Structures are given as C-alpha cells and as structure tokens.
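Numbering (this note's numbering), first residue to last: 3 to 401.
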C-alpha cells in the first residue's frame, strides 16, 4: 500500500520545509478582537503562509478560503474499505487501512465512488497545529445536499470531525455516497475544516443576547434557546405548495465538480404540502426541506447545526452543519435566509409536523470578523436561498 503521509510529512513532529511563503507579511492578520474563538479567513491564510500550521502537497488556492473555514481537497487515491472505522488512540489511519482496505482506486484524473460503499481518501491538506489550536471538520453544503456522508479522520483519532489540540499529521476523508454514485478526482472538494484557538464557551445566555440583538432565528423567544437556537421545519410551503424534494432511486452518476449541469427532474421529485397533517418521511428516503423561519449569522460569529438529537425523533437533519459568518445577514446582502435541511428517516416511517423543531443552531464567536463574508463572493452558492438543491443542478424558477 502506498505511503499516504510521506508526501506531506517527513516527520509528524515538524512541519515540512517546502512551502510557498510569498510575501507573508501581507497576510498577517490585523489585531484580533478575541484571543480565543473560530479563526476567520485572514487568520487561516496566515496559518498557511506564515506559521505553516495548515500545510498541503500542492499550493492552497485562493478560493479554498471561506469566511471561517478552509475547503479540503481529495488526493489522488481512494481506498474502498469493508466498514467505517476510527483509528483509535494507538493506530494511524494507514495502519488501519492495511487491515480494512479492499482495494485502491486511482482518482487522479477521475474515479467513481459507488453508492452504498465506504471509501477513505487521503487529503491534499494536513495540519501541524500549535498549542491551544484544534480543528473541526464538516461536509460542504453541496456535499450534504447530494447525500454524501463525509467525515474527517485523523491519525490516532477517537472522534469523527474533531482534530485534537496540537495535532500534527495528515487528514483523511471518509466518503460514503448514500443516494447517488459520484465521480470525483484529485482536487475535488467535499469537506471543510474550521480552526479554533482555545476553547471559548458557547453558552445559551450568550446566544439569547445575540437573539435579542440581531434575531438569529425569526420569532424565537429567549426561553426557547436551550442547548442552541431551535430550528423548525416548513411543511406548508408557499402559494405553489412546494415544500422540498425527494431524491429518486437509481438515478444517474453525478460529477461533483460540475456546476449547474444536471436536470433536476432526472434526480429529484418535488414534494408538496400534505392536504392535512404532517409530512410522512419514508424509511431511508432522502429529502431536501427548508426551515420554517429565516436564519441569520452575524459577521462576528459562525454557527453549526446539531446534526441529530435523540429527543427530536428518529431522523437525521442537516449533514452540512457549518453556517458561515454573514449567512442571511444584511452585512452580506442577506435579509434572513431559510436554512436548507437534509433529512433522512431511519427504519420506520416518521411524521414531521409544520413548525416542529428538527435541530438546533449553536453560535460560536470568531477571533475577529472575516475579510470576506458569506454571499459576498462567487464561492458562496446559497445566500438568499429558499428550497435550494446543490449547485450541481440547473436552477429552477424561484418558489
């Protein structure tokens, strides 16, 4: 099996010598507002070009920087594995692959990841974090909306999507397409990473103050904010009655790098508001729905949707948990935007009612406002969204 880490790390105790340090004095961040919090785009750039805490086999591209995260790129090889796994505190991902990998696929120029299979893909990016620095992973919005189950894994990791403080090593993506088989290649971007300095508390009281100041979610009372700000689902729709989409079974292959390419009706069927009662979720079907109320994320904060809560019901809501600074906020040209919810029921049919709470948003402050906001650049695909499918599909008339 090829060495999946040597091209990034000569040793896991020190960062590589070969980095592009073009005029790093220009990217040093301004004085930060807080010593702890999620790092904004300008500090991520500093970690790449100056401190080398984010490293890569190939130079990081400008459009990988998002307001409070960095897009991660697939490497040239994908390993089909027998089952999902975590390395555990005594093993690297490479060591576990020696036991679990069934075969490897060269995806440097393109390769198919089959629906229902699990793959491990070494990423082009790695980390060499310093004291007090940790990281969080999550699928990109477009990944979640294709029902591609994607999680970040590290050497000696005991949790998915969590990178421990001072981690030095490669990054891997676990990729499992659930609904559509996908075509990927080296450089495809399915996931993203946030970097956190310190461990600042994210309290309900702080979110209640934010709710009072900027109305994070429309018409939510402060007493409703417990373990995050509640998000409810819309199953009534507007005048058209459209409330979302359900993925078609056995649809065609999707190239994850194509934008506005595919006909919606070949992959999705519309879902309309039920004549009475709630919407029945069929077991194992995948739905795109929308929140009942608009959501905002102020430029000073980033948000994350809690993916699953056993108190909510037997369904999973929202693969893509990261909401960027500026989402739905006037500072980025928004007037509140409904959150798009990726919903899947398990084992049993499940009824969701209009206005039912389906998840909660937690807000965490940034160390400083980012130098770019969600919706203010071409890479922000969903500002002002209603019921929005992923960017891979040709746009439909607004509803």
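Just so you know, even glycine gets a beta-carbon here, dropped at the ideal spot from N, CA and C.
Small disclaimer: the values here were computed from a predicted structure and weren't measured.
In this structure residue 110 is exposed. Its beta-carbon is surrounded by fewer than 16 other beta-carbon atoms within 10 angstroms. For residue 108, same chain residues with a beta-carbon under 8 Å away, outside a window of 5 residues either side, are 78, 79 in chain order. Going by beta carbons, residue 325 and residue 337 fall outside the 8 Å limit. The criterion of a C-beta distance shorter than 8 Å is not satisfied by residue 200 and residue 364. Sixteen is the threshold: when 16 or more other Cβ atoms of the shown chains lie within 10 Å of the Cβ of residue 142, as they do, the residue is buried.
By the criterion of a C-beta distance shorter than 8 Å, residue 161 is surrounded in its chain by 88, once the five residues flanking it on both sides are discounted. According to the DSSP assignment, residue 206 belongs to no beta strand (DSSP E) but to the alpha helix (DSSP H) extending over 206-216. Taking the Cα positions, residue 395 is about 16 Å away from residue 150. The beta-carbon separation of residue 50 and residue 139, rounded to 17 Å, does not stay under the 8 Å limit for a contact. Residue pairing by DSSP leaves residue 63 without any beta bridge partner. By the Cβ rule, the segment 255-267 counts as touching the segment 180-194, because three or more pairs are nearer than 8 Å. Between the segment 42-49 and the segment 89-102 there are fewer than three inter-stretch CB-CB distances shorter than 8 Å, so the stretches are not counted as touching. Taking the CA atoms as reference points, residue 246 sits about 27 Å from residue 190. Between residue 274 and residue 239 a beta carbon distance of about 7 Å is seen, short of the 8 Å cut, so the two are scored as contacting. By the criterion of a C-beta distance shorter than 7 Å, residue 250 is surrounded in its chain by 269, 270, 271, once the five residues flanking it on both sides are discounted.
In this structure the segment 59-70 lies against the segment 358-375, because at least three pairs of beta carbons, one per stretch, are closer than 8 Å. Taking the C-beta atoms as reference points, residue 283 is found no nearer than 8 Å to residue 175. Within the segment 84-112, the runs of beta strand (DSSP E) that reach at least 3 residues and sit entirely inside it are, in chain order, 103-108. For residue 365, the enclosing beta strand (DSSP E) starts and ends at 359-367. Residue pairing by DSSP puts residue 272 in a beta bridge opposite 247. Minimum Cα-Cα distance from residue 350 among the listed residues 286, 332, 339 corresponds to 286. As the crow flies, the alpha-carbon of residue 118 is around 25 Å from that of residue 157. Distances from the CA of residue 361 to each of 221, 308, 42, 397 were compared; the closest alpha carbon is that of 308. With 16 or more other CB atoms across the displayed protein chains lying within 10 angstroms of its CB, residue 264 is buried.
Nearest in C-alpha terms to residue 255, of all of 148, 211, 40, 356, is 148.
Apart from the 5 residues on each side of it in sequence, residue 280 sits with its Cβ closer than 8 Å to the Cβ of 237, 353, 354, 355, 356, 358 in its chain, given in chain order. The shortest CA-to-CA distance from residue 100 to any of 113, 37, 81, 292 is the one to 81.
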